[in-house]
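This report concerns only the one structure given below.
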Amino acid sequence: MTHLDELESQSIYLMREAYHGFQKPAMLWSMGKDSNVLLWLAKKAFCGHMPFPIVHIDTTYEFPEMLEFRSWAQKHYGFELTVWINKEARARGIGYETTDPVTVTHELKTVALQQCLAANGYDALITGIRRDEDSTRAKERYFSPRNAEFEWDYKDQPPEFWNHFTTESGPGEHVRVQPLLDWTEIDIWRYLDREKVPLPGMYFSRNGERYRSLGCMPISRPVKSDAKTIDDIIEELKVTKVSERAGRAQDHHERNAMQKLRAKGFM
Amino acid sequence: MSLLSDTTLPATPAAIPTPAQPPDKAPVPDHLQLVVVGHVDHGKSTLIGRLLFDTHSVPDGKAERIEAACKAEGMEFEYAFLMDALLEEQAQNITMDTTRVPFSTERRSFTIIDAPGHKEFLKNMITGAASADAAVLLVDAFEGLREQSRRHCFLLSLLGLRQIVVAVNKMDLVGYKPEVFEAIRTELSAFLAKLGVEPAHFVPISAKHGEGLLKHSDKMPWYRGPTLVESLEKFRATPPASGGPLRLSVQDVYRFDARRIIAGLVESGSVSVGDQIEFVPGGKRSRVKGIETWPQTNPPPRGPVGAGSEVAITLEDELFVERGQIGAPPSDKPYEARTFTARVFWIHDTPLRSGELIPLKLGTQQAEARVLGIQRTLDAITLESGTGTTGEVKVHEVAEIRLRVRKPIAFDVGGKVPALGRFVLMRGRRIGGGGVIDSVVDEPTVTSGINPVSRSAILGHRGCIVWMTGLSGSGKSTLAQALEQRLLSSGILSAILDGDVLRTGLSRNLGFTPDDRSENLRRATELAIHLADAGVVVLAALISPFRADRALAAERAKERGVPFAEVFINAPLAECERRDPKQLYKRARAGQIPQFTGIDSPYEAPLAPDLEIRTDRQSVAESVEALTEMALGLARPSEQTGSGSHI
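Residue numbers (my numbering), protein chains in the order written: chain H, 285 to 551; chain X, 520 to 1166.
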């Protein structure tokens, strides 16, 4: 078994445990590379079916090319898509034009997700976060409980070992299921390459620039790159020492921004 | 105006140490999961930070940001901060939780699992260490071995980790002297030998100064062994158990369309189309018809699908298979049993108590388990066994216990398939502890032969002996009476054999010398066997202070084919004396009753009772519940074993 085979099996195991363990799980999808690996693995786990809804939290600041990909992928894979927008916050005028990126991220992603959960009654959310993205994500569990206020009690996380996890949640609570925790950025690219997983074109170099991590349009910054193929990207990642999310402004807006965002319920 | 100005990374300031060599690429695919354990403050985070830095595994922005933070506080560059990114940690200098960080050397890639050293965070250490292939045990050269170092050694051995390297850190603080290193090596080797653990290497290092990590240290020319990184590169990633028999843990059965797809994990062995598989518990058999994949391939795969892989199969026959069953070759199946002994570690604040009923998970199976007895607790610091029995296992303790699950479960023992020889016990939604099964306990089996069967056909149950031993005043008679009521109301014929009653009749010619006591119990045993033979559930409430007498009773019962269970009715002597329902202790203390058990005659507590009741801690209702279940298990075994939904 190769390292990628091991990661794939582990992720499928976790997804199957989540599907069995919860009443109403849903899977988050941002159309980004990790998200697309997640979709792919779910199709594998359930033999071509997608037994839970796919949720996209739409900030209304999405790249048009990503929205095109969203429509295409939904038809291609065939799944139930739930798109949620925090219309209340947008009506209040919350947006990158007027507000700092940490607040906008909180309102248009975390609060939107809260609304979506409350409206649909999901008790588990399958997400595509990875430990190597960020030091707070490094501390995550595969099955990570969130209370009704969406808070993450990172100081007192449940133990998990020998393939046994927290598969119950109380009223209003939910569990984040994180099948990609052990994957690294390079693993993701090697897997995308091996499996020929469809991807938005923005990850590849155009005019000497490409996006390494994709979020909202106003706060996602491309990196200088000539990587036009996955092979090029893997070669680039082997030598780069710039962190993956360096181009995501909300992470760096203030000291420990990511920790603050995550403690309040951000992915 | 740009929103992005604050993300601009500064140029590398000169104050940051520059790693010596350019990064190398293409590590071999063999990937090692590594846990770093040790006492708090022995330098784990510094070691990991330094390893990341020296192997060029730190993203650019990170070192600069920490450098700026350290400068602001007027500190030296702190490698530990590369790991400790959370607010609280930077304040307290303590790693809070398990962290996984990848790094690579020229030869291989690693994931470091950092486990905290704080005693209250033991659960995180176990969470981390349970998935590791190898461990670095860090010991401070200046402080030497500490409680936590020893505790972590013990848990590593229980978790099955055998690839261990000991890094003796902070050699700079002891002037890089070989004597200090040797003294620690001698002491720790002796301790680890008791655990059956032999570290691959002891390596002297100074994480802070980068000595002995990647390169041989010129400060320690006396050390000729490998550097820390060299020793890590030699470890093997734990190979999945592909050599053994097939064990397929069923996670779910999908019916998305016309197919009935069995999905699960190949824990060991392999599975191919055409293989005959038996599903345990239950025993239904069929052959593998197909292996389902997405995207579908042409021709479809036929296997083998090997250990460590997720698989989805269809069967030739329409069997009712469900989650929790284990698919295995009919010729080499796992055990299917209810009672077993295990070593457990406990990580929940509420202790594991003898007699309690607790959910158990093993593989994908789930069952309620009764803690029949806690035989001995092991002191993880001194490695000495506790003597006798104890009523509970407290947080951070390790014990040998006996468990009985309500329905038979499938498992392997003796490391045959490690994943199916270990289990967790749930305390509410959380894992309360974990355990490794050591042996299967033989259960009284239904003799399908001659006379007991016809009697049980009339009675609806069979006879057996529940032997309740304990000090005077421990609650034997009270519990026996309550149990009798419960059994009668369940339609079970039972009778109490009470010590006091025997003494006034059958044994009225006997005194209280050890010989007379033994004779008294011999008579009680024979009478109990006769009654049980006649179909009665005998509740023997007898002090029976000597192990040898009780062992004899159990042996005689076994010879006669009568199910027998020893129940320890346990309450501390002081508590029994306080209760003193018959004022016997008072009289014994006054010298009026010679050779009174507990006062001037010994009581030998059972070493491995089938059930232990702590009457000073458990309520009568709770105790009777446990006793009833035990008695029902003996009297109506088929009903008990058949209660699972898998048939």
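Glycine included, each C-beta is placed from N, C-alpha and C at the ideal position.
* Three-state class that DSSP yields for Leu498(H) in the structure shown -> In the first sequence, the residue the question calls residue 498(H) occupies position 214. DSSP places Leu498(H) in coil when its eight states are reduced to three.
* Could you tell me whether the region 747-755 of chain X touches the region 800-814 of chain X, where touching means 3 or more Cβ pairs closer than 8 angstroms? => With a cut-off of 8 angstroms, the region 800-814 of chain X and the region 747-755 of chain X do not count as touching, because too few Cβ pairs lie within range.
* Asked: Val388(H) lies in the alpha helix (DSSP H); which residues open and close that run?
  -> Working through the first sequence from its first residue, we reach residue 388(H) at position 104. Here the alpha helix (DSSP H) through Val388(H) covers Pro385 to Thr389.
* **Spatial neighbours of Ala1150(X) in its chain, beta-carbon cut-off 7 angstroms, leaving aside the 5 residues before and after** => Numbered from its first residue, the second sequence carries residue 1150(X) at position 631. Taking C-beta separations shorter than 7 angstroms and ignoring five residues to either side along the sequence, the partners of Ala1150(X) in its chain run Val985, Leu1002, Leu1006 and Val1056, following chain order.
* To do: Please confirm whether Ile845(X) and Gly882(X) have their CB atoms less than 8 angstroms apart.
  => If you number the second sequence from 1, residue 845(X) lands on position 326. If you number the second sequence from 1, residue 882(X) lands on position 363. In contact: Ile845(X) and Gly882(X) (Cβ atoms closer than 8 angstroms).
* Asked: Can you give the Cα-Cα distance for Asp771(X) and Glu290(H), rounded to whole angstroms?
  -> Along the second sequence, one-based indexing puts residue 771(X) at 252. Along the first sequence, one-based indexing puts residue 290(H) at 6. When rounded, the distance between both Cα atoms is 20 angstroms.
* Asked: With burial defined as no fewer than 16 other Cβ atoms inside 10 Å of the residue's Cβ, what is the status of Lys1168(X): buried or exposed?
  -> With chain X covering 520 to 1166 only, the question about residue 1168(X) has no answer from this structure.
* To do: Give the interface partners of Tyr318(H) over in chain X, defined as CB-CB distance under 9 angstroms, in chain order.
  => Here residue 318(H) refers to the residue found at position 34 of the first sequence. One detail in the question is off: residue 318(H) reads as Asp in this sequence, not Tyr. Neighbours of Asp318(H) on chain X: none; closest Cβ ~16 angstroms, over 9 angstroms.
* Keeping to the same chain, check which residues put their C-beta closer than 7 angstroms to that of Phe449(H); ignore five residues upstream and five downstream. => Taking the first sequence and counting its residues from 1, the one referred to as residue 449(H) is at position 165. Excluding residues within five positions, the ones whose Cβ falls inside 7 angstroms are Glu301, Tyr426 and Phe427.
* Secondary structure at Cys331(H), three-state DSSP: helix, strand or coil? -> On the first sequence, residue 331(H) is found 47 positions in, with the first residue counted as 1. The answer is coil: DSSP assigns Cys331(H) none of H, G, I, E or B.
* How many Å lie between Ser805(X) and Glu887(X) at the Cα? -> Looking up residue 805(X) in the second sequence gives position 286. Looking up residue 887(X) in the second sequence gives position 368. Between Ser805(X) and Glu887(X), the C-alpha separation is close to 29 angstroms.
* Asked: Expressed to the nearest angstrom, what Euclidean distance is found between the alpha-carbon atoms of Leu288(H) and Pro506(H)?
  -> What you label residue 288(H) is simply residue 4 of the first sequence in a count that begins at 1. What you label residue 506(H) is simply residue 222 of the first sequence in a count that begins at 1. Near 28 angstroms, if we compare the C-alpha coordinates of Pro506(H) and Leu288(H).
* **chain H contacts made by the region 762-773 of chain X, where a contact means CB separation under 7 angstroms** => Here the close residues are Gln770, Asp771 and Tyr773.
* Going by other Cβ atoms of all chains shown within 10 Å of its Cβ, with 16 needed for buried, is Tyr303(H) buried or exposed? -> Residue 303(H) sits at position 19 when you count from the first residue of the first sequence. By the C-beta density criterion, Tyr303(H) is buried, having at least 16 other C-beta atoms within 10 angstroms.
* Asked: Are Val799(X) and Leu767(X) close, meaning C-beta to C-beta below 8 angstroms?
  -> Against the second sequence, residue 799(X) aligns to sequence position 280. Against the second sequence, residue 767(X) aligns to sequence position 248. Taking 8 angstroms as the cut-off, the beta carbon of Val799(X) is found no closer than this to the beta carbon of Leu767(X).
* Take the Cβ of Ser996(X) as the centre, count every other Cβ of all protein chains shown within 10 Å, and call the residue buried at 16 or more, exposed below. => Taking the first residue of the second sequence as position 1, residue 996(X) is located at position 477. That one is buried.
* Kindly indicate the opening and closing residues of the alpha helix (DSSP H) around Ala373(H). => Position 89 of the first sequence, counted from the start, is the residue given in the question as residue 373(H). For Ala373(H), the uninterrupted alpha helix (DSSP H) segment begins and ends at Lys371 to Ala375.
* Closer than 8 angstroms, Cβ to any Cβ of chain X: which residues of the region 383-417 of chain H, in chain order? -> If the cut-off is 8 angstroms between Cβ atoms, the region 383-417 of chain H has Pro385, Arg415 and Asp416 near chain X.
* **chain X contact for Pro335(H) (CB, 8 angstroms cutoff)** => For this step, residue 335(H) is matched to residue 51 along the first sequence. With 8 angstroms as the cut-off, Pro335(H) counts as an interface residue toward chain X.
* Asked: What separation, rounded to the nearest whole angstrom, lies between the Cα atoms of Ile319(H) and Ser736(X)?
  -> For the purposes of this step, residue 319(H) is taken as residue 35 along the first sequence, with counting starting at 1. For the purposes of this step, residue 736(X) is taken as residue 217 along the second sequence, with counting starting at 1. Checking the sequence, you will find Ser at residue 319(H) rather than Ile. Distance between the alpha carbons of Ser319(H) and Ser736(X) is about 46 angstroms.
* To do: Quick one: list the residues of chain H neighbouring His550(X), beta-carbon separation under 9 angstroms, in chain order.
  => Residue numbering aside, residue 550(X) sits at position 31 when the second sequence is read from its first letter. Those are His287 and Glu290, listed as they occur along chain H.
* To do: Measure from the C-beta of Phe330(H) to each C-beta in chain X and report whether the shortest distance is under 8 angstroms.
  => Start at 1 with the first residue of the first sequence, and residue 330(H) comes out as number 46. Cβ-Cβ to chain X under 8 angstroms: yes for Phe330(H).
* Would you mind reading off the limits of the alpha helix (DSSP H) that contains Ser750(X)? => Counting from one through the second sequence, the residue named residue 750(X) turns up at place 231. Counting along the chain, the alpha helix (DSSP H) containing Ser750(X) begins and ends at Leu747 to Glu752.
* With a cut-off of 8 angstroms, does the C-beta of Pro443(H) fall near any C-beta of chain X? -> One-based indexing of the first sequence puts residue 443(H) at position 159. Yes - at least one Cβ of chain X is within 8 angstroms of the one on Pro443(H).
* Asked: What does Trp436(H) reach in chain X if we use C-beta pairs closer than 8 angstroms?
  -> Position 152 of the first sequence, counted from the first residue, corresponds to residue 436(H). Ordered by position in chain X, no residue passes the 8 angstroms Cβ test against Trp436(H), which lies about 11 angstroms from the chain.
* Express the C-alpha separation of Gly762(X) and Gly316(H) in angstroms, rounding to a whole number. => Looking up residue 316(H) in the first sequence gives position 32. Looking up residue 762(X) in the second sequence gives position 243. Gly316(H) and Gly762(X): Cα-Cα distance of roughly 39 angstroms.
* **Spatially closest choice to Cys400(H) from Gln307(H), Lys371(H) and Tyr345(H), by CA coordinates** => For the purposes of this step, residue 400(H) is identified with residue 116 of the first sequence, where counting begins at 1. Considering only alpha carbons, the answer is Lys371(H).
* Simplified DSSP state of Leu464(H), which is helix, strand or coil -> Counted from its first residue, the first sequence places residue 464(H) at position 180. DSSP places Leu464(H) in coil when its eight states are reduced to three.
* Does DSSP put Met542(H) in a helix, a strand or coil? -> Here residue 542(H) is taken as the residue at index 258 of the first sequence, counted from 1. Here Met542(H) carries a helix assignment [DSSP, helix/strand/coil].
* Asked: Taking just the CA atoms, how far does Val917(X) sit from Ala1174(X)?
  -> The requested residue 1174(X) does not occur in the structure, where chain X is confined to residues 520 to 1166.
* **Residues near Thr571(X) in its chain [Cβ-Cβ closer than 7 angstroms; skip 5 each side]** => Mapped onto the second sequence, residue 571(X) falls at position 52. Looking at the sequence shown, residue 571(X) is not Thr but Leu. Same-chain partners within the cutoff: Val577, Leu601, Val620 and Phe622.
* Asked: Could you check where the alpha helix (DSSP H) with Asn643(X) kicks off and where it finishes?
  -> Walking along the second sequence from the start, residue 643(X) turns up at place 124. First-last of the alpha helix (DSSP H) with Asn643(X): Leu641 to Ala648.
* To do: Check Thr382(H) in the structure and name its three-state DSSP category.
  => If you number the first sequence from 1, residue 382(H) lands on position 98. DSSP places Thr382(H) in the coil class of the three-state scheme, outside both helix and strand.
* Asked: Exposed or buried, Asp416(H), counting other C-beta atoms within 10 Å across all chains shown (16 or more means buried)?
  -> Start at 1 with the first residue of the first sequence, and residue 416(H) comes out as number 132. That one is buried.
* To do: Indicate whether at least one CB of chain X lies closer than 8 angstroms to the CB of Ile296(H).
  => Sequence index remark: in the first sequence, residue 296(H) carries index 12 (1-based). By this cut-off, Ile296(H) is an interface position.
* Examine chain H for any beta-carbon lying closer than 8 angstroms to the beta-carbon of Lys995(X), and answer yes or no. => The count along the second sequence starts at 1 and reaches residue 995(X) at position 476. Under the Cβ criterion of 8 angstroms, Lys995(X) is not counted among the residues facing chain H.
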